[in-house]
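The sequence shown lines up with residues -24 to -1, 1 to 76 when you count with mature numbering (1 follows the signal peptide of the UniProt record, and there is no 0).
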Amino acid sequence: MKKVVLTAAIILGGLSTFAASAFAMNQTEKIEIIAQEEYKEIKLEALPQAVKDALASDFETATLDKAYVNAEQEYKLDVTIDGTASTVYADKEGNWIEKK
């Protein structure tokens, strides 16, 4: 009787191990890569006039604190608007870009 119980326990243990490993082998790991854009700081004088004009016309009370540019000629502007720090993005023609 002991042999029957022991054999049944070994078989059930083996089946559960097999089922668990088969389940684990069927899973695929999904990795999301978020591209982080690199901006390099530039002098405020190096900012294109179109971007300066767009900032002056669309954000009249804004003060430009820092400016950055990336390889695609997109500009990241750190500004202070009515005492609140904000970041806006523009292309080289002064068109605003919405970043998520």
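Note that the Cβ used here is the ideal one computed from N, Cα and C, for glycine as well.
Please read these numbers as outputs of a predicted model, since none were measured by experiment.
Burial state of residue 64 (16 or more Cβ within 10 Å): Taking all protein chains shown into account, residue 64 has 16 or more neighbouring C-beta atoms within 10 Å of its C-beta and is therefore buried.
Residues sharing a beta bridge with residue 51, DSSP: DSSP lists 45, 66 as partners of residue 51.
For residue 17, the three-state DSSP class (helix, strand or coil): Correct three-state label for residue 17: strand.
Start-to-end residues for the alpha helix (DSSP H) that takes in residue 6: Unbroken run through residue 6: none, as it is neither H nor E.
First and last residue of the uninterrupted alpha helix (DSSP H) at residue 75: It is not in any alpha helix (DSSP H) - residue 75 carries neither H nor E in the DSSP assignment.
Opening and closing residue of the alpha helix (DSSP H) in which residue 34 lies: Looking at the DSSP string, the run of the alpha helix (DSSP H) that includes residue 34 is 25 to 34.
Proximity of residue 54 and residue 42 at Cβ, strictly below 7 Å: A contact, by the Cβ cut-off of 7 Å.
Assigned exposure category for residue 22 - 16 Cβ within 10 Å defines buried: By the 10 Å Cβ count, residue 22 comes out exposed.
7 Å Cβ cutoff met for residue 51 and residue 27: Annotated as proximal: residue 51 and residue 27, with beta-carbon spacing under 7 Å.
Beta bridge counterpart(s) of residue 61 as assigned by DSSP: Per DSSP, 56.
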